[in-house]
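Residue numbers (the UniProt record's numbering): 1 to 346.
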């Protein structure tokens, strides 16, 4: 609780040990100065706003594309109903509608099947997806923050997915929300039936890498042709865990996380920080096309500092200095994430 009787909030503008316990050795002084300048009431306001921020993801994909493994690899499962691991796991697609899974108090997954079962079922699935896309939150904004369509990278037929994008998803997104569509190509390690995958280094060999790049480009071009949208599909592997035994490790999950953050409303990105899976092995292997961890850090930090600026407008110049110095970003993000976690502790 935030109160005058709380000794952790009586000194240094309310910051004190609340963040010090999360501050790594040599941490970013500028970031600490920003946080230390916040009063107890400002800290309380940030906490309340972050706590009340909800992220809703519409997860779309057929049975077997790896929706459950993707979500469980990316995020901590703290579901109220204890059934979050069941996302997308149903083997009875004929009975599936859109199912709601609350992974935690901030993050909700709306699990929807894809198309391709039968014309009658496709019509019903399409209707429910359209209904979800038209739902509004308490502020009159679209409820769905991100439409995450997962495809099987080993498949050769994405016809139903293209139909879904062109005829169902795109026409029902507001013009300002067209960048909320993310396409994931899961099971990248199986794109050539398991061949040309370096199991020791857990990454694709050159021939498979070429195949994956061609696949991503093909999907991108097809969507552009049919909808006019510029999307950048990402290939990845969510890994495989059966009965607690890890049979294969994830690949490109840090990249996927950075893409997810990029597609979420900027203001909401900081909320994700507390719920990222703490198993570092999940994020160990990625392609080398970019520094995806820095992208994640920058995205979360920028979002958090945006919250901070809202309650303390006079620290705008300090925030600008943090975000324009690449050397600051990683350490500053570490401090900010620790601070968010300390704020949200019950």
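From the three backbone atoms N, C-alpha and C, an ideal C-beta is built for every residue, glycine too. No experiment lies behind these values; they were computed from the predicted model shown.
{"query": "Quick one: what does DSSP say residue 304 is sitting in, helix, strand or coil?", "result": "helix"}
{"query": "Using CA atoms only, rank isn't needed, just tell me which of 300, 105, 200 and 156 is closest to residue 214.", "result": "156"}
{"query": "Leaving out the 5 sequence neighbours to the left and right, which residues in its chain are closer than 7 Å to residue 85 when beta-carbon positions are compared?", "result": "Its pLDDT being 49, under 50, residue 85 is placed unreliably by the model, and the measurement read from it follows with that caveat. Hits under 7 Å: 68, 72 and 77."}
{"query": "Pull up the CB-CB distance for residue 184 and residue 236, whole angstroms please, since I reckon it's below 8 Å.", "result": "6 Å"}
{"query": "With DSSP as the reference, label residue 105 as helix, strand or coil.", "result": "coil"}
{"query": "Between residue 255 and the ligand FMN, is there a pair consisting of the residue's CB and a ligand heavy atom that are separated by less than 6 Å?", "result": "With respect to small molecules bound, the structure shown includes none, and the ligand FMN cannot be examined in it."}
{"query": "Roughly how many angstroms lie between the CA atoms of residue 200 and residue 216, to the nearest whole one?", "result": "24 Å"}
{"query": "Once you ignore the five residues that flank residue 292 on each side, which residues in its own chain have a CB closer than 7 Å to its CB?", "result": "254, 255, 258 and 286"}
{"query": "Once the 5 residues before and after residue 299 are set aside, which same chain residues still bring their CB inside 6 Å of it?", "result": "261 and 269"}
{"query": "Please state whether DSSP places residue 340 in a helix, a strand or coil.", "result": "helix"}
{"query": "Mind listing, in chain order, the continuous alpha helix (DSSP H) runs of no fewer than 4 residues lying wholly within the stretch 204 to 264?", "result": "206 to 227 and 253 to 263"}
{"query": "Going by DSSP in three states, residue 142 sits in which element: helix, strand or coil?", "result": "strand"}
{"query": "Just checking, does the stretch 234 to 249 make contact with the stretch 112 to 129 on the three C-beta pairs under 8 Å criterion?", "result": "no"}
{"query": "Could you tell me the distance, in whole angstroms, from the CA atom of residue 159 to the CA atom of residue 43?", "result": "50 Å"}
{"query": "Should residue 136 go down as buried or exposed, given a rule of 16 or more other Cβ atoms within 10 Å for buried?", "result": "exposed"}
{"query": "Would you give the residue range spanned by the beta strand (DSSP E) that residue 168 belongs to?", "result": "Looking at the DSSP string, residue 168 is not in any beta strand (DSSP E), and its letter there is neither H nor E."}
{"query": "So, for residue 266: in the same chain, excluding its five sequence neighbours on each side, which residues have a beta-carbon less than 6 Å away from its beta-carbon?", "result": "303"}
{"query": "Are the stretch 224 to 233 and the stretch 42 to 56 touching by the rule of at least three beta carbon pairs closer than 8 Å?", "result": "no"}
{"query": "Grouping DSSP H, G and I as helix and E and B as strand, with all else coil, what is residue 21?", "result": "With a pLDDT of 45 at residue 21, under the threshold of 50, the predicted position of this residue should be treated as unreliable, and no value is reported."}
{"query": "Which residues bound the alpha helix (DSSP H) around residue 46?", "result": "40 to 52"}
{"query": "State buried or exposed for residue 275, treating a residue as buried only when at least 16 other CB atoms are found within 10 Å of its CB.", "result": "buried"}
{"query": "Tell me which residue opens and which closes the alpha helix (DSSP H) that residue 72 is part of.", "result": "67 to 74"}
{"query": "With DSSP as the reference, please indicate the residues paired to residue 347 in a beta bridge.", "result": "Summary: the structure shown does not reach residue 347, with the chain confined to residues 1 through 346, and so no result is reported for it."}
{"query": "Using a Cβ-Cβ cutoff of less than 6 Å, which residues in the same chain neighbour residue 189 once the five nearest sequence positions on both sides are dropped?", "result": "197 and 237"}
{"query": "With a Cβ-Cβ cutoff of 7 Å, do residue 65 and residue 252 count as a contact?", "result": "no"}
{"query": "Use the C-beta contact count for residue 171: other C-beta atoms within 10 angstroms, 16 or more gives buried, fewer gives exposed.", "result": "exposed"}
{"query": "Take residue 180 and list the residues in its own chain whose beta-carbon comes closer than 7 Å to its own, dropping the five residues that flank it on each side.", "result": "145, 146, 147, 173 and 263"}
{"query": "Can you pull the DSSP bridge partners for residue 59?", "result": "111 and 148"}
{"query": "For residue 178, report the span of its beta strand (DSSP E) as first-last.", "result": "It is not in any beta strand (DSSP E) - residue 178 carries neither H nor E in the DSSP assignment."}
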